[in-house]
Amino acid sequence: MSAYEQNYTDSTDNYENYIGEEGKAVRFGIVQSNDPGRDKVLDIKYLDAPEYYGAAQILAPASQGNGFDMSEYAHGKVVFDMKVISHGTKGSALEFTIECTWPCASTPKFIKADVLNEWETYEFSVAEMIERGLDIQHLSLGFMVLPTWAKQDGVHFQLDNIRWVKGESPATQETVCYANFFDDEWVQNSQGVGVSIAGDGGMVVPNDQHQYLTTSVKPWVTANPDWSVMNGTWFYWMSSVMNYNTMELLDPDALSNCSGSGTLSLEIYTPAALVEDGNMTFTLYFLDKDNFVRSLNSDVFSVSDMKSDDWNKVSVPLTTAYANLKYVGIRIDATQVSPSLISPPFYIDNIVIRK
90 MSAYEQNYTD STDNYENYIG EEGKAVRFGI VQSNDPGRDK VLDIKYLDAP EYYGAAQILA
150 PASQGNGFDM SEYAHGKVVF DMKVISHGTK GSALEFTIEC TWPCASTPKF IKADVLNEWE
210 TYEFSVAEMI ERGLDIQHLS LGFMVLPTWA KQDGVHFQLD NIRWVKGESP ATQETVCYAN
270 FFDDEWVQNS QGVGVSIAGD GGMVVPNDQH QYLTTSVKPW VTANPDWSVM NGTWFYWMSS
330 VMNYNTMELL DPDALSNCSG SGTLSLEIYT PAALVEDGNM TFTLYFLDKD NFVRSLNSDV
390 FSVSDMKSDD WNKVSVPLTT AYANLKYVGI RIDATQVSPS LISPPFYIDN IVIRK
């Protein structure tokens with residue numbers, strides 16, 4: 090058990106604390122519970138520490154140099170009991186995640202406890218975590234629940250009965266043909282995932298918006314548009330790893346080989362302000378290396394139908410094989426979005442084709 094802590098403004102100011110050591114962001118330890126049916130529990134409290142971020146975590150065994158293999162639990166679940174004592178001064182949700190050496194991790198699942206000071210049991214499917222980016226053969230972290238970044242002050246909760254439970258393999262199982270979890274190695278000016286943006290229907294994307302919308306790609310794509318200039322229609326394209334000098338994909342056939350059948354899905358995190366505005370819609374597309382847009386179907390997804398401050402999965406069936414595909418993307422229709430809307434970023438992650 091340890092806590093990783095990092096200065097918000099200086100990432101080089103980071104360190105790890107263990108039980109009995111006093112951190113600047115979080116304190117944790119084993120305490121005796123006074124609740125009926127409970128014995129000793131894990132108590133985790135985040136401090137009023139505006140300069141530091143903290144993450145209390147249960148690490149995988151240190152003896153495993155390349156991560157810990159938990160494949161025998163691939164069809165099981167992670168189960169734990171939790172009592173939330175305080176949501177803190179900023180009303181933070183809690184995030185559950187398992188890591189396989191950052192940024193390789195399962196995309197967080199959000200826990201929003203409606204009642205304080207009551208124990209509740211939570212269960213999360215390991216198979217779903219694998220589908221959301223977890224490398225089950227190389228775990229660096231066995232368990233973590235933490236408050237949202239920059240909203241940690243005063244959050245206090247207790248944990249008990251943390252366990253991995255094995256499960257039975259399903260009789261029929263889909264296979265992943267193509268996946269972009271945005272956790273591949275990035276080398277500055279050399280290689281990494283590709284993200285591109287283009288206006289549609291005559292819309293011109295300002296240069297600063299190209300920067301804000303295409304430069305933050307790990308551990309997911311971060312989109313922080315200025316809606317006063319981006320309330321039009323535009324394409325948002327994402328590729329697997331490419332050579333930044335030649336702009337060629339390292340595996341140029343992977344997407345095309347999977348495009349003819351199965352299901353294409355991606356996940357989008359929609360902040361509350363964007364959901365409350367309710368006017369952004371989007372459709373999924375392919376783009377080939379010659380910049381021809383390839384339509385998939387007519388399904389239109391609206392943020393008004395999505396969960397606030399949470400991840401949402403959307404999917405479409407694939408029926409037509411295309412050659413020379415380079416990007417998966419979404420066509421965003423923001424023509425009805427208020428130009429005065431101020432919203433946190435939305436995120437895109439886990440682009441997957443299953444058959």
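Quick note: the sequence shown uses this note's numbering, first residue 90, plus one each step. Think of the CB as a built atom: it goes at the ideal place given N, C-alpha and C, for glycine as much as any other residue.
message: Suppose only complete runs of 4+ residues qualify. What are the alpha helix (DSSP H) ranges in the segment 294 to 373, listed by chain order?
response: If one requires a minimum length of 4 residues, the alpha helix (DSSP H) runs lying completely within the segment 294 to 373 are 296 to 303, 316 to 319, 343 to 346, 361 to 366, in chain order.
Whole beta strand (DSSP E) elements within the segment 165 to 225, 3-residue minimum: 166 to 176, 183 to 185, 198 to 200, 208 to 214
query: Would you report the Cα separation of His176 and Leu205, rounded to the nearest angstrom?
result: 8 Å
- request: Name the two residues that bound the continuous beta strand (DSSP E) containing Pro406.
  value: 399 to 406
task: To the nearest angstrom, report how far apart Pro434 and Ala312 are at their CA atoms.
output: Rounded to the nearest angstrom, the two C-alpha atoms are 5 Å apart.
Reduced DSSP secondary structure (H/G/I, E/B, other) of Ser429: coil
message: Suppose you measure from the CA of Lys444 to the CA of Gly351; what does that come to, to the nearest Å?
response: 4 Å
message: For Trp253, report the span of its beta strand (DSSP E) as first-last.
response: According to the DSSP assignment, Trp253 belongs to the beta strand (DSSP E) that extends over 244 to 254.
- request: Take Lys255 and list the residues in its own chain whose beta-carbon comes closer than 6 Å to its own, dropping the five residues that flank it on each side.
  value: Within the same chain, Tyr162, Gly165 come within 6 Å of Lys255 by CB-CB distance, once the 5 residues on both sides are set aside.
task: Name the two residues that bound the continuous beta strand (DSSP E) containing Lys134.
output: 129 to 135
task: Would you identify the three-state DSSP class for Val389, choosing helix, strand or coil?
output: coil
message: Using C-beta distances below 7 Å, list every residue in its chain close to Tyr411, excluding the 5 sequence neighbours before and after it, in chain order.
response: Short of 7 Å from the beta carbon of Tyr411, and not among the five residues preceding or following it, lie these beta carbons of its own chain, in chain order: Ser345, Ser348, Phe375, Asp377, Arg383.
field: Asn155 - containing beta strand (DSSP E), residue span
entry: Here Asn155 belongs to no beta strand (DSSP E), and DSSP marks it neither H nor E.
- request: Specify, as a first and last residue, the run of the beta strand (DSSP E) that Tyr416 falls within.
  value: First-last of the beta strand (DSSP E) with Tyr416: 414 to 422.
field: Euclidean distance between Cα positions of Phe157 and Met319
entry: Each residue's Cα considered, the two are about 44 Å apart.
message: Pop quiz: Tyr333 and Gly281 are said to be a contact at Cβ under 8 Å. What is the actual Cβ separation, rounded to whole angstroms?
response: 7 Å
Proximity winner among Val234, Asp124, Phe271, Gly180, relative to Glu356 (alpha-carbon distances): Phe271
query: Tell me the DSSP bridge mates of Tyr93?
result: Glu105, Ala144
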